[in-house]
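Everything on this sheet refers to the single structure shown next.
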């Protein structure tokens with residue numbers, strides 16, 4: 001535990017929704033909800049204007065629509081979020097090489113490892129705290145200047161307390177918790193305030209009469225170990241008394257790569273399930289290769305109609321990023337699963353990651369078999385014709401570019417029409433126009449920078465939907 005609050009936790013405020021408001025002037029100050037737009041979609045992020053109506057992350061989108069029917073409901077634009085995240089993480093790395101990202105919008109930073117470390121080490125306690133506060137305020141100002149977005153920052157002597165402080169700072173604030181005040185701050189909080197305590201653990205503790213962090217501390221380690229098990233119980237007790245010596249670890253290595261989809265209608269057809277698993281496996285391989293990794297264990301996740309979830313896995317002889325191997329393994333795992341009653345979610349992942357790929361004779365055999373099967377097959381004109389008439393799909397919030405009217409974003413589409421609002425992050429609210437879905441002048445586009453002239457951003461258009 002540190003005597004100086006030199007660990008900070010930064011958390012961007014309502015990140016996805018705030019990026020959308022910054023990118024779309026007509027949505028500023030209005031409720032915005034980002035997430036899955038299908039019947040079973042869930043809320044990823046709600047702006048603070050939408051939260052006033054009771055909307056929150058992980059809420060079913062159907063419920064969010066009932067609570068806040070006048071909100072703008074948008075599909076996620078993850079390229080835009082990554083662009084902003086990279087800029088913010090770059091600002092954090094100017095403060096210290098020890099930056100531990102937890103997601104696109106939050107990270108821990110160890111200020112003692114950065115250029116101000118020697119000054120903090122030699123400063124008197126009060127001077128050191130003032131320097132930490134000044135660095136945090138400058139960071140928040142730099143983020144707002146570069147992106148137009150706000151961030152909340154917590155500073156403390158441990159990662160646990162820095163995270164608690166940033167929660168107290170929301171939205172758009174800064175809170176410093178002085179070392180030595182951990183138990184006073186934590187004591188009145190509900191047990192769910194501690195990381196690692198979810199609904200199930202909360203119920204166990206509640207049945208034992210433990211509702212606050214202070215009551216956990218008073219219960220003592222032996223009772224918590226008896227209730228929660230040795231490792232979990234000991235960890236919860238340490239946190240309840242404010243002890244956390246975990247270091248800030250830069251560039252934490254991912255343990256797995258995975259993708260999943262929730263379906264609007266339960267899938268009960270075996271062939272359809274296998275096709276969806278194959279598509280997920282291909283997406284997983286693209287993500288795996290994009291990270292420059294390979295993996296040895298293929299994992300299938302299935303959530304059935306009754307919300308019961310099961311996983312199946314198979315470990316290969318060596319790490320691979322071969323599409324044929326991962327697809328075939330995922331299909332084989334899916335073929336073993338009972339889908340009676342229907343499947344509402346499927347996921348495919350690859351674990352036991354490595355930075356290299358072993359030569360895989362099985363992959364070679366699968367490729368040769370596929371090539372042999374394709375060599376004698378004639379092209380099916382029906383498939384080509386179907387591809388030629390495929391309908392373009394426009395998602396609410398999607399970036400577009402019109403040959404005459406310039407950049408804009410999709411407000412909605414349906415019945416063969418798409419409605420577009422033409423505005424940029426640095427313009428005022430723009431005008432709205434409606435086009436035929438197949439209008440050749442309208443194309444998908446890449447996200448624009450949130451600030452005009454933002455270094456590294458591009459306005460190049462993409463032709464693929």
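Residue numbers (our numbering): 1 to 465.
Built from N, CA and C at the ideal position, the CB exists for glycine as well.
Small disclaimer: the values here were computed from a predicted structure and weren't measured.
Would you kindly report the start and end of the unbroken alpha helix (DSSP H) that includes residue i?
| i | result |
| --- | --- |
| residue 89 | 78-95 |
| residue 204 | 199-207 |
| residue 213 | 213-219 |
On the three-state DSSP scale, how would you describe residue i?
| i | result |
| --- | --- |
| residue 121 | helix |
| residue 235 | helix |
| residue 100 | strand |
| residue 21 | helix |
| residue 352 | strand |
| residue 429 | coil |
| residue 398 | coil |
| residue 115 | coil |
| residue 264 | strand |
| residue 472 | Limits of the chain in this structure are 1 at one end and 465 at the other, which puts residue 472 out of reach. |
| residue 448 | coil |
| residue 107 | strand |
| residue 387 | In this prediction, residue 387 has a pLDDT of 38, which is less than 50 and means its spatial position is unreliable; what the coordinates show is noted afterwards. If DSSP states are grouped into helix, strand and coil, residue 387 belongs with the helices. |
| residue 434 | strand |
| residue 345 | strand |
| residue 240 | helix |
| residue 259 | strand |
| residue 143 | helix |
| residue 134 | helix |
| residue 222 | helix |
| residue 357 | Any reading at residue 357 needs caution, since the residue's pLDDT is 48, under 50, leaving its predicted position unreliable; the model's value is listed next. In this structure, residue 357 counts as coil in the three-state DSSP scheme. |
| residue 340 | coil |
| residue 28 | coil |
Please say whether residue j and residue i have beta carbons closer to each other than 8 Å?
| i | j | result |
| --- | --- | --- |
| residue 164 | residue 177 | yes |
| residue 425 | residue 22 | yes |
| residue 98 | residue 109 | yes |
| residue 107 | residue 92 | yes |
| residue 162 | residue 154 | yes |
| residue 342 | residue 260 | no |
| residue 296 | residue 352 | yes |
| residue 241 | residue 217 | yes |
| residue 151 | residue 271 | no |
| residue 243 | residue 335 | no |
| residue 95 | residue 149 | no |
| residue 417 | residue 436 | yes |
| residue 354 | residue 326 | no |
Given this structure, state the Cα-to-Cα distance separating residue i from residue j, to the nearest angstrom.
| i | j | result |
| --- | --- | --- |
| residue 311 | residue 294 | 20 Å |
| residue 90 | residue 286 | 26 Å |
| residue 157 | residue 146 | 28 Å |
| residue 298 | residue 330 | 7 Å |
| residue 276 | residue 339 | 13 Å |
| residue 438 | residue 201 | 53 Å |
| residue 544 | residue 180 | Examination of residue 544 is not possible in this model, given that the chain is present from 1 through 465 alone. |
| residue 396 | residue 187 | 44 Å |
| residue 399 | residue 409 | 5 Å |
| residue 344 | residue 267 | 6 Å |
| residue 468 | residue 422 | Shown here, the chain extends from 1 to 465; a query on residue 468 therefore has no answer. |
| residue 65 | residue 238 | 41 Å |
| residue 15 | residue 255 | 25 Å |
| residue 28 | residue 134 | 29 Å |
| residue 47 | residue 32 | 5 Å |
| residue 69 | residue 412 | 15 Å |
| residue 101 | residue 415 | 43 Å |
| residue 301 | residue 313 | 9 Å |
| residue 292 | residue 284 | 12 Å |
| residue 53 | residue 305 | 30 Å |
| residue 264 | residue 61 | 12 Å |
| residue 71 | residue 17 | 11 Å |
| residue 401 | residue 431 | 14 Å |
| residue 208 | residue 199 | 14 Å |
| residue 321 | residue 289 | 7 Å |
Between which two residues does the beta strand (DSSP E) containing residue i stretch?
| i | result |
| --- | --- |
| residue 407 | 406-414 |
| residue 154 | 151-156 |
| residue 72 | 72-74 |
| residue 35 | 32-35 |
| residue 11 | 7-12 |
| residue 421 | 417-422 |
Those runs of the beta strand (DSSP E) which lie wholly inside the segment 267-337 and span at least 3 residues: Counting only runs of 3 or more residues that sit fully inside the segment 267-337, the beta strand (DSSP E) segments are 294-304 and 309-320, in chain order.
Complete alpha helix (DSSP H) runs within the segment 43-68 (minimum length 4 residues, chain order): Qualifying alpha helix (DSSP H) stretches, in chain order: 48-51 and 61-67.
Segments of 4+ residues assigned as alpha helix (DSSP H) that fall wholly inside the segment 162-193: For the segment 162-193, whole alpha helix (DSSP H) runs of length 4 or above, ordered along the chain, are 182-186.
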